[in-house]
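J.: Numbering-wise, the sequence shown is residues 133 to 475 according to our numbering.
Positions of the beta carbon are idealized from the N, C-alpha and C atoms, including for glycine.
Computed from a prediction, not measured in an experiment: that's the story for all the values here.
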Amino acid sequence: MSRKLLLAVGFLLLYSTLLVFPAKAQETMIGTAQGDIYAPGAGSIPNITVGGEAAYSMFANASLPDNTAFQPAQAYEDAGVEAILYAGYPFDSLGLQKKYGVSDDFARVVTQQAIWFYIEGWPIDSMEDSVRIRYIKDLLQAAEAQLPQEHPVSVVPESPSFQHQGGFYRSETLTLKQAEGTFTVQPDNGVKVLLEDGTATTTLRQGDRFILLAPDDLTEISLNVTHRFSDIVPVSYRPETEDHQTDHLLQAQEHVQTRSGVWRFALPETPSSSTQALFEESAPMSSETELIPSSTSAETMPQTGSPSTGGTGMPITAAALLGLCWVAVGLACLGKQTRNGRQ
133 MSRKLLLAVG FLLLYSTLLV FPAKAQETMI GTAQGDIYAP GAGSIPNITV
183 GGEAAYSMFA NASLPDNTAF QPAQAYEDAG VEAILYAGYP FDSLGLQKKY
233 GVSDDFARVV TQQAIWFYIE GWPIDSMEDS VRIRYIKDLL QAAEAQLPQE
283 HPVSVVPESP SFQHQGGFYR SETLTLKQAE GTFTVQPDNG VKVLLEDGTA
333 TTTLRQGDRF ILLAPDDLTE ISLNVTHRFS DIVPVSYRPE TEDHQTDHLL
383 QAQEHVQTRS GVWRFALPET PSSSTQALFE ESAPMSSETE LIPSSTSAET
433 MPQTGSPSTG GTGMPITAAA LLGLCWVAVG LACLGKQTRN GRQ
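(1) Beta-carbon within less than 8 angstroms of Val288's beta-carbon, same chain only, minus the 5 sequence neighbours each way: which residues are those?
(2) What residues in its chain sit with their C-beta under 6 angstroms from that of Arg341, if we drop five residues either side in the sequence?
(3) Let me check understanding here. Comparing Cα to Cα, which of Ala194, Ser303, Gly212 and Gln297 lies closest to Asp270?
(4) Checking 8 angstroms against the spacing of the C-beta atoms, do Gly163 and Pro197 come in under that value?
(5) For Val394, which beta-bridge partners are listed by DSSP?
(6) Over the uninterrupted alpha helix (DSSP H) stretch that includes Arg341, give me the two end residues.
(7) Quick one: grab the DSSP three-state call for Gln191.
(8) To the nearest angstrom, report how far apart Ile364 and Glu312 are at their CA atoms.
(9) Classify Glu374 as helix, strand or coil using the three-state DSSP reduction.
(10) What whole-angstrom Cβ distance do Pro366 and Thr200 have, given they're in contact under 8 angstroms?
(11) Determine the direct distance from the alpha carbon of Phe315 to that of Pro178, and round the result to whole angstroms.
(12) Answer with buried or exposed for Ala187, where buried requires no fewer than 16 other C-beta atoms within 10 angstroms of its C-beta.
(13) Which complete beta strand (DSSP E) runs does the region 277-349 hold, if anything under 3 residues is left out?
(14) Go ahead and label Glu401 buried or exposed: buried means 16 or more other beta carbons lie within 10 angstroms of its beta carbon, across all protein chains shown.
(15) Would you call the CB atoms of Arg240 and Ile169 closer than 8 angstroms?
(16) When you compare only the Cα positions, how much space is there between Leu350 and Ser286?
(17) Would you call Ser189 buried or exposed, if buried means 16 or more other Cβ atoms sit within 10 Å of its Cβ?
(18) Tell me the residue span of the alpha helix (DSSP H) that contains Thr351.
(19) Taking the alpha-carbon positions, what's the Ser392 to Thr335 distance?
(20) Pull up the CB-CB distance for Ile256 and Leu272, whole angstroms please, since I reckon it's below 8 angstroms.
(21) Just tell me which of Arg396, Glu209 and Ala171 has its CA closest to the CA of Ser303.
(22) Check whether the Cβ atoms of Pro347 and Phe294 lie closer than 8 angstroms to each other.
(23) Is there at least one Cβ from chain C nearer than 8 angstroms to Val234's Cβ?
(24) Does the Cβ of Gln389 have 16 or more other Cβ atoms within 10 Å, making it buried, or fewer, making it exposed?
(25) Strictly by DSSP, which residues pair up with Ser176?
(26) Would you tell me roughly how many angstroms separate the C-alpha atoms of Ile247 and Asp375, rounded to the nearest one?
(27) What span of residues does the alpha helix (DSSP H) with Thr243 cover, start to end?
(28) Beta carbon of Tyr250, beta carbon of Leu382: below 8 angstroms?
(29) By a C-beta neighbour count over all protein chains shown, 10 Å radius and 16 as the cutoff for buried, is Ala277 buried or exposed?
(30) What are the boundary residues of the beta strand (DSSP E) that Ala219 is part of?
(31) Suppose the cutoff is 7 angstroms on Cβ atoms and the five residues either side in sequence are ignored; what does the same chain contact list for Ala192 look like?
(32) On the criterion of 16 or more Cβ atoms from any shown chain inside 10 Å, does Ala174 qualify as buried, or is it exposed?
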């Protein structure tokens, strides 16, 4: 029994050791420099990686890592370095790589050189007017200005027009022109966000074209929006064995951020729903229809008989006149016979 107990205790100790060491191994990062990266017109820099990902050297004259163990990454709080990494390779937030039309290797070499210029405080030759120098100057200006990371959003047009269609307001086509990451929209009050093919959506990305559909009893569209994007965070790696000779490394990592807001779009001012319905029923008719007179009921038809005689009696008609004539003739004949009899 005691032997089994000792085996069980030994197994638990071994298991706990296995749990601890892998965690530590995950925290330790291996950095190395494998050859150089060369770009014509820019020069060369050491090809440094840490944890298999591209990294930058912090100190130009330090010893390069050679499968060196580094401590876990720590945030490197320097707004200038952050600005260089944000505007440099690979993120190119200012569009400098596109502006100068250079390769990825060229942009990476220049970004490394700008980091050295900034950290070491080297003066830059202002007389040279090469693409390399202009690129470095742009990065250093971003560092000097401590260029903040901005994540602008633009929807065009800002004030879309709407048309009334079957109880709804339908917007013209909008475009999410400038936006990083993804947007989640939460329409309510019967509002719908439609892609150009008519499919309802709650997710938008840069370049998406969409249409807003809102009930006509609303005066404004309010869309709750959640924006997910990435911030660039500089991290540094120090060698596990601090010998003051091995280089420290820099890396830019993306951290996902979330922010919320409201998109508001004003709807046209319209009459009430009952008035609107009446207006729709009284839509302009065609010219042919307009020429046809409206029919009127007998009760409201104007009188077209003989003019009134002033009393409330019946109006004199042709039949009555004929009757009176016969009476007059009869009376005349009767009077004639009476005169003859007397004679």
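T.: Short version:
(1) In the sequence shown, counting from the first residue as 1, residue 288 sits at position 156. Here the set comprises Leu306, Thr307 and Lys309.
(2) As a first step, residue 341 is located in the sequence shown; it is residue number 209 there, counting from the start. Residues of the same chain with a CB within less than 6 angstroms of the CB of Arg341, apart from the 5 flanking positions on each side, are Thr305, Thr307 and Glu328 in chain order.
(3) Against the sequence shown, residue 270 aligns to sequence position 138. With distances taken between Cα atoms, Asp270 lies closest to Gly212.
(4) The residue labelled residue 163 in the question sits at position 31 within the sequence shown. The residue labelled residue 197 in the question sits at position 65 within the sequence shown. Yes, Cβ-Cβ distance for Gly163 and Pro197 is below 8 angstroms.
(5) Translated into positions along the sequence shown, residue 394 becomes position 262. Bridge partners of Val394: Asn356.
(6) On the sequence shown, residue 341 is found 209 positions in, with the first residue counted as 1. From DSSP, Arg341 is part of no alpha helix (DSSP H) but of the beta strand (DSSP E) over Arg341 to Pro347.
(7) As a first step, residue 191 is located in the sequence shown; it is residue number 59 there, counting from the start. It should be noted that the sequence gives Phe, not Gln, for residue 191. In this structure, Phe191 counts as coil in the three-state DSSP scheme.
(8) On the sequence shown, residue 364 is found 232 positions in, with the first residue counted as 1. On the sequence shown, residue 312 is found 180 positions in, with the first residue counted as 1. One C-alpha to the other measures close to 13 angstroms.
(9) As a first step, residue 374 must be located in the sequence shown, where it is residue number 242. It is coil, neither helix nor strand.
(10) Counting from one through the sequence shown, the residue named residue 366 turns up at place 234. Counting from one through the sequence shown, the residue named residue 200 turns up at place 68. Contact doesn't hold; Cβ gap of about 20 angstroms is too wide.
(11) Position 46 of the sequence shown, counted from the start, is the residue given in the question as residue 178. Position 183 of the sequence shown, counted from the start, is the residue given in the question as residue 315. Roughly 39 angstroms between the two C-alpha positions.
(12) Within the sequence shown, numbered from 1, the residue matching residue 187 stands at position 55. Ala187 is buried by the Cβ-count criterion.
(13) 286-288, 294-297, 300-303, 306-310, 314-318, 324-327, 335-337 and 341-347
(14) Here residue 401 refers to the residue found at position 269 when the sequence shown is read from its first residue. When all chains shown are included, Glu401 counts as exposed.
(15) Here residue 240 is taken as the residue at index 108 of the sequence shown, counted from 1. Here residue 169 is taken as the residue at index 37 of the sequence shown, counted from 1. Yes; because the gap between Cβ atoms is below 8 angstroms, this pair is in contact.
(16) For this step, residue 350 is matched to residue 218 along the sequence shown. For this step, residue 286 is matched to residue 154 along the sequence shown. Using only the alpha carbons, I get a separation of about 24 angstroms.
(17) Walking along the sequence shown from the start, residue 189 turns up at place 57. In summary, Ser189 is buried, with 16 or more beta-carbon neighbours lying within 10 Å of its beta-carbon over all protein chains present.
(18) As a working mapping, residue 351 is identified with position 219 in the sequence shown. From DSSP, Thr351 is part of no alpha helix (DSSP H); its letter is neither H nor E.
(19) Here residue 392 refers to the residue found at position 260 when the sequence shown is read from its first residue. Here residue 335 refers to the residue found at position 203 when the sequence shown is read from its first residue. Ser392 and Thr335: Cα-Cα distance of roughly 14 angstroms.
(20) In the sequence shown, residue 256 corresponds to position 124, counting from 1. In the sequence shown, residue 272 corresponds to position 140, counting from 1. Indeed they touch by this definition, with Cβ atoms about 7 angstroms apart.
(21) One-based indexing of the sequence shown puts residue 303 at position 171. Here the closest residue by C-alpha is Arg396.
(22) Against the sequence shown, residue 347 aligns to sequence position 215. Against the sequence shown, residue 294 aligns to sequence position 162. Not a contact, by the Cβ cut-off of 8 angstroms.
(23) Looking at the structure shown, chain C is missing, and only one protein chain is on hand.
(24) Position 257 of the sequence shown holds residue 389. That one is exposed.
(25) Here residue 176 refers to the residue found at position 44 of the sequence shown. Ser176 pairs with Tyr170.
(26) If you number the sequence shown from 1, residue 247 lands on position 115. If you number the sequence shown from 1, residue 375 lands on position 243. Looking at the two C-alpha atoms, the distance is approximately 22 angstroms.
(27) Stepping through the sequence shown from its first residue, residue 243 is reached at position 111. Its alpha helix (DSSP H) spans residues Asp236 to Glu252.
(28) Here residue 250 is taken as the residue at index 118 of the sequence shown, counted from 1. Here residue 382 is taken as the residue at index 250 of the sequence shown, counted from 1. Not in contact: Tyr250 and Leu382 (Cβ atoms no closer than 8 angstroms).
(29) Here residue 277 refers to the residue found at position 145 of the sequence shown. Exposed: under 16 other Cβ atoms inside 10 Å.
(30) Position 87 of the sequence shown holds residue 219. Premise fails: Ala219 lies in the alpha helix (DSSP H), Ala211 to Ala219, not in any beta strand (DSSP E).
(31) Start at 1 with the first residue of the sequence shown, and residue 192 comes out as number 60. Answer for Ala192: Trp248 and Glu252, listed in chain order.
(32) For the purposes of this step, residue 174 is taken as the residue at position 42 of the sequence shown. Buried: at least 16 other Cβ atoms inside 10 Å.
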